[in-house]
Amino acid sequence: MTSPLDEGAQTLDDDRVRYLVTRAALRAAKAMTAPGLEPQQRLTTLMECHGMLHAARGPGRPLAFGEFRRALRGDLAVLLPEGVRPLDLGGMLVVDQDGQVTEDAFDLDLEQQMLLHTLRKLDTFAGVVSDRDLQSEIDQETAFTLLRKQGEQAVYEAGRKDLIRCPAGPVDQLCELRLPPLVADFYREIPFDSVYRGWWFPCPVCRWPMRVVVRRNAGTSVGAARCWHTPHADMGASYLFRLPADGSAPELLPEPAPPRPEGREAVLYPDLGEVPQALPAESHKAVTRGIWRYTTVPGLPELALYDRLTERGLKVSLWPGLDAYDLLIEVGPKRGKKTTFKVDVKDYTSATVLGSLVHAQEGDRGGADWLVVPDYRARQVPLLSGVCAKYGDMQVATASEFGELVCEKAGVNWT
0 MTSPLDEGAQ TLDDDRVRYL VTRAALRAAK AMTAPGLEPQ QRLTTLMECH GMLHAARGPG
60 RPLAFGEFRR ALRGDLAVLL PEGVRPLDLG GMLVVDQDGQ VTEDAFDLDL EQQMLLHTLR
120 KLDTFAGVVS DRDLQSEIDQ ETAFTLLRKQ GEQAVYEAGR KDLIRCPAGP VDQLCELRLP
180 PLVADFYREI PFDSVYRGWW FPCPVCRWPM RVVVRRNAGT SVGAARCWHT PHADMGASYL
240 FRLPADGSAP ELLPEPAPPR PEGREAVLYP DLGEVPQALP AESHKAVTRG IWRYTTVPGL
300 PELALYDRLT ERGLKVSLWP GLDAYDLLIE VGPKRGKKTT FKVDVKDYTS ATVLGSLVHA
360 QEGDRGGADW LVVPDYRARQ VPLLSGVCAK YGDMQVATAS EFGELVCEKA GVNWT
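Rendered as structure tokens:
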């Protein structure tokens, strides 16, 4: 299998270019779509982003300012210089039909930052971007470090579970979480683009504030709320609401959702439950986007696997050794030799960036021998398997495929 990760230094340089182009486009898109921004401030930001784009494209490859602004509403790959392969940027939109920054653009920006941050720590290359830029949205690593500083496995598990299961809520309830004060500081005001006239809605899958927009359709305005994580929205975390004239709480109406899967994938599929109710933004907080996206979101299948396997009588440990990897599963007789499965769960929008991360770390530095992705990332398995095959016996599977395999090894039923 041919992989885009086989090109050494050239690939790393292209990673840098793709990162700078994505960062410039995302910052520009935020400036174009943010409400209440002064025209001069908007223009200044757009010009700065245009300059950042030129730095990425290099001399002799100029793009006029007007073309740059128009390109922000089209395919992100158009902004890349000739000779740099778009990979996951191909076909990606930065601004959607509602005039809002897309969820996938946010994800790709964060994932590229995390990759470059890892490469910098490994001394693969330096001077890519400032520490301030790299750390601006990578709160996850800081939170984990603060939890690990307590030095106790039980404290670490309790704190990380809280970040997964309670990413938003009333301030008085969040104060009761088992988190060190510096980690609790990552809970901030409900993001403005998740609030409609003082109200917000928790996603029924991840509990984080959903994105809210108002659309015009045939002369009528209607509200829409959907999870920022596209797979959750595709599962049914997508709603419409009428705009109350009296300022009262909007009531969500579910959009059509796909049927629940059958067979092995039904075991881990989330139950959306009742339609979310509007909550007041005042006196509520939510974790920062970086922690939600790379702790809460992948933490859901981690905990789901833990719960389902434990229910079936298997011995499972969460984040052993203060997070050497995500799951340790032991299968075998009580007194005989056991088979162990050391698992890292990853949920990246970009399989290419995740593959580059595995490549940079030469497998998994914590000792995991399985890379597991959520079922909705099944299409990433072939590419990731090709990368992981270079580093010992590391294998790749979807969460349901892995759960079924382990249960078969243990002699119990998964479904």
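Using numbering that gives the first Met the number 0, the first residue of the sequence shown is number 0, and each one after it goes up by one.
We treat Cβ as the ideally placed atom computed from N, Cα and C, and that holds for glycine.
Verify whether the separation of the beta carbon atoms of L239 and V266 is less than 7 Å. To locate residue 239, count along the sequence shown from 1; it is residue 240. To locate residue 266, count along the sequence shown from 1; it is residue 267. It is not a contact, given that the beta carbons lie outside the stated cut-off.
So, helix, strand or coil for N412, using DSSP? Within the sequence shown, residue 412 is the residue found at index 413, counting from 1. N412 falls in the coil class under three-state DSSP.
Just the Cα atoms here: how many angstroms apart are L79 and W318? Mapped onto the sequence shown, residue 79 falls at position 80. Mapped onto the sequence shown, residue 318 falls at position 319. Spanning the two alpha carbons is a distance of roughly 39 Å.
On the three-state DSSP scale, how would you describe S355? Within the sequence shown, residue 355 is the residue found at index 356, counting from 1. Helix, per DSSP.
Taking the alpha-carbon of A104 as reference, which of L19, L42, D171 has the nearest alpha-carbon? Within the sequence shown, numbered from 1, the residue matching residue 104 stands at position 105. Comparing Cα positions, the closest option is L19.
Which residue or residues does DSSP assign as beta-bridge partners of H283? Walking along the sequence shown from the start, residue 283 turns up at place 284. Answer is P169, bridged to H283.
Simplified DSSP assignment, three categories, for I189: Position 190 of the sequence shown holds residue 189. In this structure, I189 counts as coil in the three-state DSSP scheme.
Rounding to the nearest angstrom, what Cα-Cα distance links G90 and T101 in this structure? Counted from its first residue, the sequence shown places residue 90 at position 91. Counted from its first residue, the sequence shown places residue 101 at position 102. Their backbone Cα atoms lie some 12 Å apart in a straight line.
Counting along the chain, where does the alpha helix (DSSP H) carrying F200 start and finish? Indexing the sequence shown from 1 puts residue 200 at position 201. It is not in any alpha helix (DSSP H) - F200 carries neither H nor E in the DSSP assignment.
Segment limits, beta strand (DSSP E) that includes L253: What you label residue 253 is simply residue 254 of the sequence shown in a count that begins at 1. Residue identity check: residue 253 is Pro in the sequence provided, not Leu. Where P253 is concerned, the enclosing beta strand (DSSP E) stretches over 251-253.
Would you check if there are 3 or more beta carbon pairs closer than 8 Å linking the stretch 194-214 to the stretch 275-293? yes
Pair within 7 Å by beta-carbon distance, P269 and D346: Position 270 of the sequence shown, counted from the first residue, corresponds to residue 269. Position 347 of the sequence shown, counted from the first residue, corresponds to residue 346. No, Cβ-Cβ distance for P269 and D346 is not below 7 Å.
Confirm the yes/no value for this check: CB of D192, any heavy atom of the ligand MG, distance under 6 Å. Because no ligand of any kind appears in the structure shown, any question about the ligand MG cannot be addressed here.
Would a C-beta distance cut-off of 7 Å place E264 and S237 closer than the cut-off? Residue 264 sits at position 265 when you count from the first residue of the sequence shown. Residue 237 sits at position 238 when you count from the first residue of the sequence shown. No.
Just to confirm my understanding: we take L278, look at its own chain, exclude 5 residues before and 5 after, and list those with CB closer than 6 Å. What are they? To locate residue 278, count along the sequence shown from 1; it is residue 279. W199.
For a quick check, are the C-beta atoms of V344 and P300 less than 7 Å apart? Reading the sequence shown from its first residue, position 345 is the one you call residue 344. Reading the sequence shown from its first residue, position 301 is the one you call residue 300. Cβ distance < 7 Å, so V344 and P300 count as in contact.
Is the beta carbon of D368 sitting closer than 7 Å to the one on D392? The residue given as residue 368 occupies position 369 in the sequence shown. The residue given as residue 392 occupies position 393 in the sequence shown. The answer is yes: Cβ separation under 7 Å.
Report the rounded CA-to-CA distance for V182 versus Q360, giving the unit in angstroms. The residue given as residue 182 occupies position 183 in the sequence shown. The residue given as residue 360 occupies position 361 in the sequence shown. Cα-Cα distance, rounded: 27 Å.
Kindly indicate which three-state DSSP category Y238 falls into: helix, strand or coil? Against the sequence shown, residue 238 aligns to sequence position 239. Strand, per DSSP.
What number of angstroms, rounded off, separates the C-alpha of V395 from the C-alpha of V342? As a first step, residue 395 must be located in the sequence shown, where it is residue number 396. As a first step, residue 342 must be located in the sequence shown, where it is residue number 343. Spanning the two alpha carbons is a distance of roughly 10 Å.
CB-CB under 7 Å to T348, same chain, minus the five flanking residues each way: which ones, in chain order? Reading the sequence shown from its first residue, position 349 is the one you call residue 348. The beta carbon of T348 sits closer than 7 Å to those of D103, D106, L107, E110, all from its chain and outside the five residues before and after it, given in chain order.
What residues match up with T219 in a beta bridge as DSSP calls it? Against the sequence shown, residue 219 aligns to sequence position 220. T219 is bridged to N216.
What distance in whole Å lies between the Cβ atoms of V16 and A76, which are believed to be in contact at a cut-off of 8 Å? In the sequence shown, counting from the first residue as 1, residue 76 sits at position 77. In the sequence shown, counting from the first residue as 1, residue 16 sits at position 17. Taking the Cβ atoms as the reference, A76 lies roughly 12 Å from V16, outside the contact range of under 8 Å.
When A167, D161, A350, V330 are compared against R177, the one with the closest alpha-carbon: Walking along the sequence shown from the start, residue 177 turns up at place 178. That would be D161, whose Cα lies nearest to the Cα of R177.
Closest to I290 by C-alpha separation, out of D12, C165, G35, would be which residue? For this step, residue 290 is matched to residue 291 along the sequence shown. Closest option to I290, Cα to Cα, is C165.
Could you pull the DSSP bridge partners for W369 from this structure? Within the sequence shown, residue 369 is the residue found at index 370, counting from 1. Beta-bridge pairing links W369 to V342, Q394.
According to DSSP, which residues form a beta bridge with S316? If you number the sequence shown from 1, residue 316 lands on position 317. Partner(s): L327.
Classification of A256 by the beta-carbon crowding that lies within 10 angstroms, buried from 16 upward: Translated into the one-based positions of the sequence shown, residue 256 becomes position 257. It is exposed - the Cβ of A256 has fewer than 16 other Cβ atoms within 10 Å.
Can you give me the Cβ contacts of F185 inside the same chain, cut-off strictly under 7 Å, excluding the 5 residues immediately before and after it? Within the sequence shown, the letter at position 186 stands for residue 185. Sequence-distant Cβ neighbours of F185 in its own chain, meaning closer than 7 Å and more than five residues away, are D138, A142, V286, T287, I290.
Could you check which residue in G354, Q40, V380, A323 has the C-alpha nearest to that of R147? In the sequence shown, counting from the first residue as 1, residue 147 sits at position 148. Ranking G354, Q40, V380, A323 by Cα distance to R147 puts A323 first.
Span separating the alpha-carbon of P201 from that of V405: Residue numbering aside, residue 201 sits at position 202 when the sequence shown is read from its first letter. Residue numbering aside, residue 405 sits at position 406 when the sequence shown is read from its first letter. Going from the Cα of P201 to the Cα of V405 covers about 33 Å.
Compare the Cα-Cα distances from Q152 to each of V380, M234, G82, D325 and report the closest residue. Residue mapping note: residue 152 aligns to position 153 of the sequence shown, counting from 1. Checking every option, the nearest Cα to that of Q152 belongs to D325.
Beta-ladder partner(s) of V100, from DSSP: As a first step, residue 100 is located in the sequence shown; it is residue number 101 there, counting from the start. The partner list for V100 (beta bridge, DSSP) reads V94.
So who's on the other strand from V211, going by DSSP bridges? Against the sequence shown, residue 211 aligns to sequence position 212. Answer is A224.
Helix, strand or coil for L278? Go by DSSP, reduced to three states. Walking along the sequence shown from the start, residue 278 turns up at place 279. Strand.
Spatial distance of L327 from M234 (CA atoms): Taking the first residue of the sequence shown as position 1, residue 327 is located at position 328. Taking the first residue of the sequence shown as position 1, residue 234 is located at position 235. Rounded to whole angstroms, L327 to M234 spans 29 Å at the Cα level.
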